[in-house]
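Each remark here refers to the structure printed beneath this line.
Residue numbers (full-length UniProt numbering): 1 to 180.
Encoded structure:
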């Protein structure tokens, strides 16, 4: 780099809408069950080394995606629209349970049309606080993909970026994939 060139060191500004899902589940020793009682996204983000990324978390709900209703899905769409209308964001990332992630991705795609920034929805097959979790990997990949993808709605998981209208959960391989 020449001495006269400048480097843009301004942060990449992301809003993360947290909705719950496996990514945020924790083991409750009293019940022996996985629970959404304790938020983990903040700690997960702190574990990542992404100094040029600024993330503001907005917690919408803490639900297993099988419990997400049409009204909840509409609330996610409205929250996404509100963030995008504010305009001071480079990307929007949404955490979501994988069982109904595809339905929410399509709802976002239909409602947002052509957003001016990438909108990335992601989740995890194994909770952040469980051994061999894919949660941090998927969040880090979603944040990186948000910097690289064209504006639009995308699902990101396990090294793949999939257009919203093509995403489907692969229950056999425990990942997201694109329908043909």
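Even glycine gets a Cβ: it sits at the ideal position worked out from N, Cα and C.
Buried versus exposed, by CB contacts within 10 Å (16 or more), residue i
| i | result |
| --- | --- |
| residue 171 | exposed |
| residue 141 | buried |
| residue 148 | exposed |
| residue 113 | exposed |
| residue 20 | buried |
| residue 174 | exposed |
| residue 131 | exposed |
| residue 102 | buried |
| residue 117 | buried |
| residue 80 | buried |
Residue i versus residue j: straight-line alpha-carbon distance, rounded
| i | j | result |
| --- | --- | --- |
| residue 76 | residue 106 | 12 angstroms |
| residue 165 | residue 60 | 23 angstroms |
| residue 11 | residue 125 | 30 angstroms |
| residue 50 | residue 17 | 18 angstroms |
| residue 151 | residue 91 | 8 angstroms |
| residue 22 | residue 145 | 21 angstroms |
| residue 78 | residue 104 | 12 angstroms |
| residue 53 | residue 39 | 21 angstroms |
| residue 129 | residue 35 | 11 angstroms |
| residue 169 | residue 176 | 5 angstroms |
| residue 15 | residue 26 | 23 angstroms |
| residue 58 | residue 110 | 22 angstroms |
| residue 37 | residue 108 | 26 angstroms |
Cβ neighbours of residue i in the same chain (closer than 7 angstroms, five flanking residues each side left out)
| i | result |
| --- | --- |
| residue 88 | 13 |
| residue 133 | 124, 126, 127 |
| residue 32 | none |
| residue 180 | none |
Contact set for residue i: own chain, Cβ-Cβ below 8 angstroms, skip 5 residues either direction
| i | result |
| --- | --- |
| residue 48 | 136, 139, 140, 143 |
| residue 66 | 97, 99, 100 |
Close Cβ partners of residue i (< 6 angstroms) along its chain, the five nearest in sequence each way excluded
| i | result |
| --- | --- |
| residue 68 | 100 |
| residue 178 | 162, 166 |
| residue 63 | 20 |
| residue 55 | 14, 16, 45 |
| residue 115 | 84, 151 |
| residue 94 | 17, 121 |
Looking at C-beta atoms only, is the number of pairs between the stretch 144–158 and the stretch 110–130 that lie closer than 8 angstroms three or more?
-> yes
Is there contact between the stretch 32–52 and the stretch 79–92, where contact requires at least three CB pairs shorter than 8 angstroms?
-> no
Any 3 or more C-beta pairs closer than 8 angstroms across the stretch 160–171 and the stretch 55–75 = no
Within the UniProt domain "L-asparaginase N-terminal" (13–169), note down every full beta strand (DSSP E) run reaching 3 residues or more, in order along the chain.
-> 26–28, 33–35, 53–63, 91–95, 118–122, 152–157, 160–163
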